[in-house]
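Reviewing the structure listed below.
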Amino acid sequence: MTPGAPDDSGGHRFALYDLFAAYGALIDAAEFDAWLALFAAICTYHIVPRENHERGLPAGLVYCDSRGMLEDRIRALREANKYNIHTDRHLIGLPRLIGEAGDATLVEAPFAVYQTDQEGETRLFAAGLYRDRIVVEAGSLKFRDKLVLLDTFAVPTLLATPL
Amino acid sequence: MTPGAPDDSGGHRFALYDLFAAYGALIDAAEFDAWLALFAAICTYHIVPRENHERGLPAGLVYCDSRGMLEDRIRALREANKYNIHTDRHLIGLPRLIGEAGDATLVEAPFAVYQTDQEGETRLFAAGLYRDRIVVEAGSLKFRDKLVLLDTFAVPTLLATPL
Amino acid sequence: MTPGAPDDSGGHRFALYDLFAAYGALIDAAEFDAWLALFAAICTYHIVPRENHERGLPAGLVYCDSRGMLEDRIRALREANKYNIHTDRHLIGLPRLIGEAGDATLVEAPFAVYQTDQEGETRLFAAGLYRDRIVVEAGSLKFRDKLVLLDTFAVPTLLATPL
């Protein structure tokens, strides 16, 4: 999957688009097992305020350095979601191929997440940028490293669902 | 149009993307005849709060079970739009192929609609998910059944334009 | 690049998608030199409230009739951005091929821009429609004429960054 290569076959690119579309849709549908299946066997998942990241501060809001940590996090969310009082809606912009790093492709995509409360009122919850390393595993594209760079860091209920 | 098939030709997929892009753009431009032409000869158009849909409650905000009903609805909107005091802007995420049902393809896409009032102030109006059945009719992709699952149900001026 | 043509090669269409993805991403990353490189050698860049445009009023918020004017504008923004107290996030919908005009392709895409202030609070800043003429220059797609039709005209800090 070479960015901008003349032989860029539609199939690969559409698979990339589908990966991002599924990523947001599965969170919004609370299908967390299917969501986890979008990650590689060895993976990381970090949510970091954009400002901290630019200043080189490692302090993140969510820091899963292994698949086990990510699965634990999702299990905890499931417990919390029994008392879930909101729903999410992800809008994700067109993914952008940035380059290659070893066997991974660097891809970025902007996002906005809207939350709706029990009264049916919808508000912008967070905006930011996904900066991901994507690999092919068993014939499918998977997130190996997902970095959620968060513009919004005034997010009181941040941990209720992944971003 | 088989989701994820290795021979997924770019043409079909781009036609799907174009269908959704046109859907939002034509509402925003108030080109309702061209918008109607995106639907199949036999079609349905429903707007249902997501919560009602998940609980199996049929109660919808808009319920057009035939093309005639949809055309009537649009005619009524045109009258209302003479006194139109807002404009719409649709942001629609990447469409996602879900599967096949007979000759139709199931496609979902998240959306957000912004409205701007006469003072030029823009607000989020509604967010939700399109869950559609799409068919090929006379060589073009058309919406046969469009289900607008609405996250936001606190929408006072809902009927002013389609979503 | 013929809209909807049966031989629409994926490469061309993806190049178009990439152009719009880069356009938003480079503003958000404040990479204005790379952003300028998305425009043709001879180019225009206009921001006009949608209402003014529809009434044929030429009055625009930003009016760059040449590449020199656009470069000047960006230089001024750089000065202003030393005291930058916000960050931007563009969400751009799927670009839509409208037609051809000479050697240019007419393309439209809806957008929303979110701004985040120093407290990390994110707000919708503006929504609107890009209506662009795109050409091939030295083998790459470039914006020759970019018209930003702005739904939102109540934008106090409009000139802080391009839209």
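Chains as they are written, first to last, in my numbering: chain A, 1 to 163; chain B, 1001 to 1163; chain C, 2001 to 2163.
We treat Cβ as the ideally placed atom computed from N, Cα and C, and that holds for glycine.
Quick caveat: nothing in here was measured; it's all calculated off a predicted structure.
Rounded to whole angstroms, the Cβ separation of A2127 (chain C) and F2111 (chain C) is 7 Å, and the two are in contact under 8 Å. Leaving aside the five residues that flank F1020 (chain B) on each side, the residues in its chain whose CB is nearer than 7 Å to its CB run, in chain order, I1092, P1095 and A1109. Less than 9 Å separates the beta-carbon of E1121 (chain B) from that of T2152 (chain C). Between H1090 (chain B) and D1033 (chain B) the beta-carbon gap is near 18 Å, outside 8 Å, which marks them as no contact. Pairing R2131 (chain C) with V2107 (chain C) gives a Cβ-Cβ distance under 9 Å. Using a Cβ-Cβ distance cut-off of 8 Å, the region 1132-1144 of chain B and the region 1030-1049 of chain B are in contact, since at least three pairs of beta carbons, one from each stretch, lie closer than that value.
Between Y83 (chain A) and chain B, the shortest Cβ-Cβ separation is not below 9 Å.
According to the DSSP secondary-structure assignment, D145 (chain A) is paired through a beta bridge with A:T44 and A:R133. The beta carbons of I74 (chain A) and D117 (chain A) sit about 23 Å from each other, so the pair does not count as a contact at 8 Å. The alpha-carbon of G1099 (chain B) is positioned some 17 Å away from that of G11 (chain A). Taking C-beta atoms as the reference points, I1042 (chain B) and R1144 (chain B) count as a pair closer than 9 Å. The alpha-carbon separation between G56 (chain A) and S2066 (chain C) amounts to approximately 39 Å.
DSSP places I1098 (chain B) in the uninterrupted beta strand (DSSP E) bounded by R1096 to A1101. When secondary structure is reduced to three states using DSSP, E2071 (chain C) falls in the helix class.
Close CB contacts of I1047 (chain B) within its chain, under the 7 Å cut and outside five residues either way in sequence, are with G1060, L1061, V1062, V1148, L1150 and L1163 (chain order). For F125 (chain A) and D2088 (chain C), the gap between their C-alpha atoms comes out near 15 Å. Judged by DSSP secondary structure, E51 (chain A) falls within the alpha helix (DSSP H) whose first and last residues are R50 to E54.
Comparing alpha carbon positions, the residue from B:A1030, B:R1133 and B:A1022 closest to A1080 (chain B) is B:A1030. In this structure K1082 (chain B) is exposed. Its beta-carbon is surrounded by fewer than 16 other beta-carbon atoms within 10 angstroms. Taking 9 Å as the threshold, the shortest C-beta distance from F2020 (chain C) to chain B does not fall below it. Under DSSP, the beta-bridge partners assigned to Y2114 (chain C) are C:R2089 and C:L2124.
Of the candidates B:V1136, B:A1104 and B:E1051, B:E1051 places its Cα closest to the Cα of L1129 (chain B). Scanning its chain for C-beta atoms nearer than 6 Å, with the 5 sequence neighbours on each side dropped, one finds around G1024 (chain B) the residues H1090 and I1092, in chain order. Distances from the CA of D2018 (chain C) to each of A:L97, A:L26 and A:H53 were compared; the closest alpha carbon is that of A:L97. For L1124 (chain B), the C-beta contacts it makes with chain C under 7 Å involve L2124, in order along the chain. Bounds of the alpha helix (DSSP H) holding Y2023 (chain C) are G2010 to D2028.
Less than 9 Å divides the Cβ of L2016 (chain C) from the Cβ of T2105 (chain C). Across the set B:L1026, B:I1134 and B:P1049, the C-alpha of B:P1049 shows the shortest separation from the C-alpha of E119 (chain A). When DSSP states are grouped into helix, strand and coil, A80 (chain A) belongs to the helix group. Residues of chain C whose Cβ lies closer than 8 Å to the Cβ of L1147 (chain B) do not exist, since the nearest Cβ in that chain is about 20 Å away.
Neighbours of D2151 (chain C) in chain B, taken as residues at a C-beta separation under 8 Å, are given in chain order as T1087, R1089, Y1114, T1116, G1120 and T1122. At a cut-off of 9 Å between C-beta atoms, G99 (chain A) does not count as an interface residue with respect to chain C. With respect to chain A, the C-beta atom of F2032 (chain C) has no partner C-beta closer than 9 Å. Bridge partners of S1140 (chain B) according to DSSP: B:E1137. Across the region 57-82 of chain A, no CB contact with chain C closer than 8 Å is found for any residue.
The beta carbon of R13 (chain A) sits closer than 9 Å to some beta carbon of chain C.
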